[in-house]
Amino acid sequence: MKKACCRVAGAVGTAVLVLAGCSAGSGTDHADGPVTITFWGWAGGYADAVKAFDKAHPDIKVDYQEVLPGAKGGYQKMLNAVQADNAPCLAQVGYESLPSFAAQGALQDVARYANADKGDFQPAAWRSVTLGDAVYGAPVDTGPMAMFYNKKVFASLGLKPATTWAEYKAQAKKIHASKPGRYISSPYLNYDYAGLAWQAGAGWFATEGDAWKVTMGSRANKKVADYWQGLADDGLIGKAPMYDQSWYTGLGNGNIATVIGAVWQAGVIKGGAKDGAGDWAVAPLPQWKPGENRVGNAGGSATAVLKGCKSPEAAWEFAHWLSTDKKAYGGLVTKAALYPAATELLSLPQLNRGDPYFGGQNIYKVFAEAAPKVGTGWSWGPVMTKTVADLDDGLGKAWAGKGGTIGDALRTAQEKTLAEMKSQGLKTSQ
Amino acid sequence: MITRSTAAGYAARARHRRPPPRGKRDIALNKRSLFLFCGPFAALFVAMYVAPIVYAAVSSLYVVKRSGLGLAPPTRTFEPFSNFAHAFGDKDFVAALERVALFAVVQVPLMLLLALGLALLIDARSARGKGFFRLAAFMPYAIPGVSAALIWSFMYSPDSSPLNGLLEPAGISIPFFDDDVVLWSVANIVTWSWTGYNMIVIYAALQAIPREVLEAAKMDGASALRIAWSIKVPAVRSALVLTAVFSIIGSAQLFNEPAVLQPISSGAVSSAFTPIMSAQAAVTAGNYPYAAAQSVVLAAVVGLLSFVFFKLTRRGEPR
Numbered sequence: 001m002k003k004a005c006c007r008v009a010g011a012v013g014t015a016v017l018v019l020a021g022c023s024a025g026s027g028t029d030h031a032d033g034p035v036t037i038t039f040w041g042w043a044g045g046y047a048d049a050v051k052a053f054d055k056a057h058p059d060i061k062v063d064y065q066e067v068l069p070g071a072k073g074g075y076q077k078m079l080n081a082v083q084a085d086n087a088p089c090l091a092q093v094g095y096e097s098l099p100s101f102a103a104q105g106a107l108q109d110v111a112r113y114a115n116a117d118k119g120d121f122q123p124a125a126w127r128s129v130t131l132g133d134a135v136y137g138a139p140v141d142t143g144p145m146a147m148f149y150n151k152k153v154f155a156s157l158g159l160k161p162a163t164t165w166a167e168y169k170a171q172a173k174k175i176h177a178s179k180p181g182r183y184i185s186s187p188y189l190n191y192d193y194a195g196l197a198w199q200a201g202a203g204w205f206a207t208e209g210d211a212w213k214v215t216m217g218s219r220a221n222k223k224v225a226d227y228w229q230g231l232a233d234d235g236l237i238g239k240a241p242m243y244d245q246s247w248y249t250g251l252g253n254g255n256i257a258t259v260i261g262a263v264w265q266a267g268v269i270k271g272g273a274k275d276g277a278g279d280w281a282v283a284p285l286p287q288w289k290p291g292e293n294r295v296g297n298a299g300g301s302a303t304a305v306l307k308g309c310k311s312p313e314a315a316w317e318f319a320h321w322l323s324t325d326k327k328a329y330g331g332l333v334t335k336a337a338l339y340p341a342a343t344e345l346l347s348l349p350q351l352n353r354g355d356p357y358f359g360g361q362n363i364y365k366v367f368a369e370a371a372p373k374v375g376t377g378w379s380w381g382p383v384m385t386k387t388v389a390d391l392d393d394g395l396g397k398a399w400a401g402k403g404g405t406i407g408d409a410l411r412t413a414q415e416k417t418l419a420e421m422k423s424q425g426l427k428t429s430q
Numbered sequence: 001m002i003t004r005s006t007a008a009g010y011a012a013r014a015r016h017r018r019p020p021p022r023g024k025r026d027i028a029l030n031k032r033s034l035f036l037f038c039g040p041f042a043a044l045f046v047a048m049y050v051a052p053i054v055y056a057a058v059s060s061l062y063v064v065k066r067s068g069l070g071l072a073p074p075t076r077t078f079e080p081f082s083n084f085a086h087a088f089g090d091k092d093f094v095a096a097l098e099r100v101a102l103f104a105v106v107q108v109p110l111m112l113l114l115a116l117g118l119a120l121l122i123d124a125r126s127a128r129g130k131g132f133f134r135l136a137a138f139m140p141y142a143i144p145g146v147s148a149a150l151i152w153s154f155m156y157s158p159d160s161s162p163l164n165g166l167l168e169p170a171g172i173s174i175p176f177f178d179d180d181v182v183l184w185s186v187a188n189i190v191t192w193s194w195t196g197y198n199m200i201v202i203y204a205a206l207q208a209i210p211r212e213v214l215e216a217a218k219m220d221g222a223s224a225l226r227i228a229w230s231i232k233v234p235a236v237r238s239a240l241v242l243t244a245v246f247s248i249i250g251s252a253q254l255f256n257e258p259a260v261l262q263p264i265s266s267g268a269v270s271s272a273f274t275p276i277m278s279a280q281a282a283v284t285a286g287n288y289p290y291a292a293a294q295s296v297v298l299a300a301v302v303g304l305l306s307f308v309f310f311k312l313t314r315r316g317e318p319r
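Protein sequences, first through last, are from chains A and B. 1 is the number of the first residue of the first sequence in my numbering; add one for each residue after it. 1 is the number of the first residue of the second sequence in my numbering; add one for each residue after it.
Structure below.
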């Protein structure tokens, strides 16, 4: 028995050794020959962009490695790598996670190289990558929101895209009444839900001096929460979880009639719901008060410089190039529906033509009009992954009518976030 | 096949051959070969097994400290009891421990009974198609845990579950993700995956029962049931204890199945559903030492449970 144990342990040990040999380091080589920079990301089209960069820049070689999308494990991998001192130089990090990365000491300040290029980016996007005087990366894209709607379903019911949330609710009833399995929308979780709050100016975090304030349970947040809870209570929201196969099926067959989402959602819908080609269109967000024009933001990410990068200058050169090169970014627009953070790229031809999936509509026109109206003053917290994990625990139940409301979920997430922050010694004003 | 007489012959010859007298050189040589043979294993064992455990245990004694807005890198201070006090006061973590305990109490006996039953059936004299049933029961084990969970997450889908689709004409719909049901939805996946594995272990033990004993019982007029209950089950007792301990450890480390079901569970599978998921949540919050403390607590509980279980089942066993 004992012998067998040892033999198994030995075999496992050998396997681990072999595997360890496969994992790549992120060594940079200054001496001679090109500098090598490792870059972890997941957006479609990054691999091709990197190839183009390598061709044009013989002195810098970028080694692109695809990782899981941040919330699905990518961020964990990056943070673990920083802990273990073998992180890549550059990583795709969403704006919502940058403060959390900074709070873990996982980022490197590149203000020295970056500040000269500040003018290339939209001010709101630049604000997302800076904390105090530090600059942690190059903003790549932003996520102004709009309403994706199934034009075919809307037309068959004689509906036009709602301009107010009150009208949206009335339409939700009509849509569900037309067919039992048909709903106006699926439930929204974490950052997709945050976009809804953002539009209403219902901030989640704020800073007062050197102390955090968590406002997820604020009155403004309650208004948004109560509205969506009302829809859920009336049975007007479907069950298919976003990004699940059942969601894509619903988008394709008209059982989910709208998606309130950011511009990059166009790529998600197009890629996942091929059956819906030609049916979908984009309209501006419904408003809380008639005549208003307020827009939320969901997502958007930066090419962040991680701690331990030995060639920050070259890293910045690539990050800046990825965000501003016309040809490369054109590919990102087509493949991942990214919406540029760089001012000059807004005139890209890819952003100014019709898309057959959306019935020939030039959807980027809607987003171009929305982008300047995105509410400013939104801040993300320092333990964001924990915050949204706790939030989702409550939101899932609230949407499914299995106890608690969306408002409760927000309040619980606020309490747990505060407790976590306090236990780590962060200062809070609550 | 070595018959008894030849085996005895070998032994006799070996006794006659006298070992050469040992010099100092021989002992040194022996020592060297000992290091040569054991060295690689010992090195790997220390590097891949002992070191991480020690590292986790040590880091659980530290506390992550930030200050102000926390935008500066955190520092670690030595506070040996803080994380453990935190863990036992953490409602979510304690609930997770209780949850896997309940899981183990219900699922492990059920699964082992099922595995024992299957093994006895296949071992029965009158069984037909043994090879087929053995393979069929074992098959789910060959599917990696995450893939199995993905397949089942499709079966459980709140929107388009084919199981509920089949049951619909009968007016039944199973709420797989209700708060009281979800743990058993997970248990179902685990049972499906592991029953075959446990069955094979028990079946192998059944094969080791001397045929003469079974023959004698039959001659004495014992029925097949009686033979199973009075001879076979006691004979595979140690295999049952072994599978039970493995299953208890497996329950404590529950992770794959609930983690895969989480996104479609409408919040029924929370982010701290099992102790390991809870530790994982601490990692995502950047609190590595707290995650280490939770892991240490879990390891201690499992170690204690396994020890007690072994002790209890050893009682009254012939030495």
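Virtual Cβ for every residue (Gly too), placed ideally from N, Cα, C.
Through-space distance from residue j to residue i, alpha-carbon basis
i	j	result
glutamate 415 of chain A	alanine 220 of chain A	17 Å
isoleucine 37 of chain A	serine 423 of chain A	37 Å
histidine 30 of chain A	proline 99 of chain A	Residue confidence is low: histidine 30 of chain A scores 45 on pLDDT, short of 50, so the model does not pin down where it sits. Its coordinate-derived value is still stated next. Approximately 30 Å, taken between the alpha carbons.
phenylalanine 205 of chain A	glycine 381 of chain A	6 Å
glycine 235 of chain A	lysine 51 of chain A	49 Å
leucine 410 of chain A	valine 383 of chain A	15 Å
glycine 117 of chain B	valine 302 of chain B	27 Å
glycine 131 of chain B	isoleucine 264 of chain B	38 Å
alanine 43 of chain A	threonine 324 of chain A	16 Å
tyrosine 329 of chain A	alanine 200 of chain A	31 Å
alanine 370 of chain A	isoleucine 53 of chain B	53 Å
alanine 217 of chain B	serine 126 of chain B	16 Å
glycine 143 of chain A	tryptophan 264 of chain A	7 Å
serine 23 of chain A	alanine 91 of chain A	Summary for serine 23 of chain A: the model assigns pLDDT 39, below 50, so the residue's position carries little reliability; its value from the coordinates is reported in the next sentence. About 17 Å.
Under 7 Å by beta carbon: chain B residues contacting residue i
i	result
aspartate 456 of chain A	For chain A, the structure presents residues 1 to 430; residue 456 of chain A sits outside this window and is missing.
serine 246 of chain A	Ser157, Asp159 and Ser160
tryptophan 212 of chain A	Leu69
valine 383 of chain A	Ala285 and Gly286
lysine 397 of chain A	Ser266 and Gly267
alanine 240 of chain A	Asp159
alanine 389 of chain A	Ser271, Ala281 and Thr284
isoleucine 131 of chain A	It is worth fixing the name first, because residue 131 of chain A is leucine in this sequence and not isoleucine. Under the 7 Å cutoff, chain B gives Leu71.
Chain A within 8 Å of residue i, Cβ atoms only
i	result
serine 173 of chain B	no
alanine 136 of chain B	no
isoleucine 264 of chain B	yes
lysine 311 of chain B	no
lysine 65 of chain B	yes
proline 73 of chain B	yes
aspartate 180 of chain B	no
Per DSSP, cross-strand counterpart(s) of residue i
i	result
tyrosine 75 of chain A	DSSP lists no partner for tyrosine 75 of chain A.
valine 62 of chain A	A/Ile37
serine 185 of chain A	A/Ile237
asparagine 150 of chain A	A/Trp280
phenylalanine 78 of chain B	B/Tyr62
threonine 195 of chain B	DSSP output for threonine 195 of chain B lists no bridge partner at all.
proline 139 of chain A	A/Ala302
C-beta neighbour in chain B for residue i, strict 8 Å
i	result
serine 26 of chain A	Low confidence applies to serine 26 of chain A: its pLDDT is 41, below 50, so where it sits in the model is not reliable, and the reading given next is rough at best. No, serine 26 of chain A lies away from the interface with chain B (no Cβ there is under 8 Å from its Cβ).
leucine 426 of chain A	yes
leucine 196 of chain A	no
glutamate 420 of chain A	yes
histidine 30 of chain A	At histidine 30 of chain A the pLDDT is 45, less than 50, meaning the model places this residue with poor confidence; the figure from the coordinates comes in the next sentence. No, histidine 30 of chain A lies away from the interface with chain B (no Cβ there is under 8 Å from its Cβ).
lysine 251 of chain A	One detail in the question is off: residue 251 of chain A reads as leucine in this sequence, not lysine. No - not a single Cβ of chain B is within 8 Å of the one on leucine 251 of chain A.
glutamine 229 of chain A	no
valine 100 of chain A	In the sequence on display, residue 100 of chain A carries serine and not valine. Output row for serine 100 of chain A: interface = yes.
alanine 125 of chain A	no
lysine 402 of chain A	yes
Interface partners of residue i on chain B, CB under 8 Å
i	result
glycine 105 of chain A	Ala72, Pro73 and Pro74
Inset, instruction - Can you give me, in chain order, the residues of the region 280 to 313 of chain B that have a beta carbon less than 9 Å from any beta carbon in chain A? - result: If the cut-off is 9 Å between Cβ atoms, the region 280 to 313 of chain B has Gln280, Ala281, Ala282, Val283, Thr284, Ala285, Gly286, Asn287, Tyr288 and Tyr290 near chain A.
Inset, instruction - Check each residue of the region 161 to 183 of chain A: if its Cβ is closer than 7 Å to any Cβ of chain B, include it; give the result in chain order. - result: Against chain B - using a Cβ distance shorter than 7 Å - the region 161 to 183 of chain A contributes no residues.
Legend entry - chain B contacts from the region 61 to 77 of chain A (Cβ-Cβ distance under 7 Å): Per Cβ criterion, the list reads Gln76.
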